[in-house]
Amino acid sequence: MIGNINQAVLLIIVANVLVSMKGFSDYSFLNKYKFQVSSILSGEKIRMFTSGFLHVDWIHLGFNMYTLYLFGSIVANRLGMPNFLIIYFASLLSGSLYALKYHKKELYYSAVGASGAVSGIVYSSILLYPGMNLYLFFIPIAIPSYIFGLGYLLYSIYGMKNKVGNIGHAAHLGGAMGGFVLTLILSPSVFNTHKLIIFLLAIPILFLLIFGDKLNKN
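The opening residue of the sequence shown carries number 875 in the working numbering; numbering runs sequentially from there.
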């Protein structure tokens, strides 16, 4: 299967593995380049990008890279390598920006991981192929990708509000928003074929943009 992987996707995976391995063995390196609210607000904006290539352990890295492997080539082969890279890095940035906005009062909040960028790629693939069937966690029932996408957004909103697990839900949501918007810009033809799907997926995103700040109030 590795022979079928798009070269841009493979390059991103290799970069994540190499940088993450460095972080596994060098805590000062991890600490210097991870996402941390206080450091970013103090001017270290580069952390919003570098944190996306760091992971806490092999399980974290493996899950993100396997998801990118599954969905990345779908986007790259449909839209081309340059557009895949635009969506990937724009989703990484939008995930970091939304996490920074949501956690701006938590100065010691920190995070690492490619989840924001990967979420953007997953959402891009859903917009391009909303009828694609997904099989999750050994469930023998196919789930249409747009149903998965809608459920993922709603769960992430719930998880962000209720701080479920040690997961950067805000970065996931920001990345998904980035992938959603960039795909519509780079492939406007989806408006002609998937209007209902776009509308359904846009509802929770619009909710976040309008009421997102209120979710962080206890």
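Glycine included, each C-beta is placed from N, C-alpha and C at the ideal position.
These numbers come from a predicted model, not from an experiment.
> Counting Cβ pairs closer than 8 angstroms, one from the region 904-915 and one from the region 934-951, do we hit at least three?
Replying inline: no
> Is the CB-CB distance between L993 and P1004 below 9 angstroms?
Replying inline: Reading off the sequence, residue 993 comes out as Ser, not Leu. No. Outside cutoff.
> So is T1057 buried or exposed if we call it buried at 16+ other beta carbons inside 10 Å?
Replying inline: buried
> Hey, how far is the Cα of L1074 from the Cα of L1024?
Replying inline: 7 angstroms
>> Just to confirm the assignment, what range does the alpha helix (DSSP H) spanning A988 have?
In response: Counting along the chain, A988 falls outside any alpha helix (DSSP H), and DSSP gives it neither H nor E.
> Per the contact definition of three or more C-beta pairs closer than 8 angstroms, is the region 976-994 in contact with the region 903-910?
Replying inline: yes
> Got a sec, what are the start and stop residues for the alpha helix (DSSP H) H1043 sits in?
Replying inline: 1043-1060
>> On a Cα-Cα basis, can you pick out the residue from L971, Y976, F1054 that is closest to V996?
In response: F1054
>> At the level of alpha carbons, what is the spacing between I961 and S899?
In response: 30 angstroms
> With 16 as the cutoff for other CB atoms within 10 Å, does N867 come out buried or exposed?
Replying inline: It is not possible to answer for residue 867, since the shown part of the chain is limited to 875 through 1092.
> Which value, in whole angstroms, describes the spacing of the CA atoms of K896 and L928?
Replying inline: 9 angstroms
> If you check the beta carbons only, do L1047 and L1082 fall under 9 angstroms apart?
Replying inline: yes
>> According to DSSP, simplified to helix, strand and coil, what is I1017?
In response: strand
> In terms of residue numbering, what span does the alpha helix (DSSP H) encompassing L891 cover?
Replying inline: Rather than Leu, the amino acid found at residue 891 in this sequence is Val. Where V891 is concerned, the enclosing alpha helix (DSSP H) stretches over 881-899.
>> Could you compute how far the alpha carbon of V969 sits from the alpha carbon of S998?
In response: The sequence given here has Gly at residue 969, not Val. Rounded to the nearest angstrom, the two C-alpha atoms are 14 angstroms apart.
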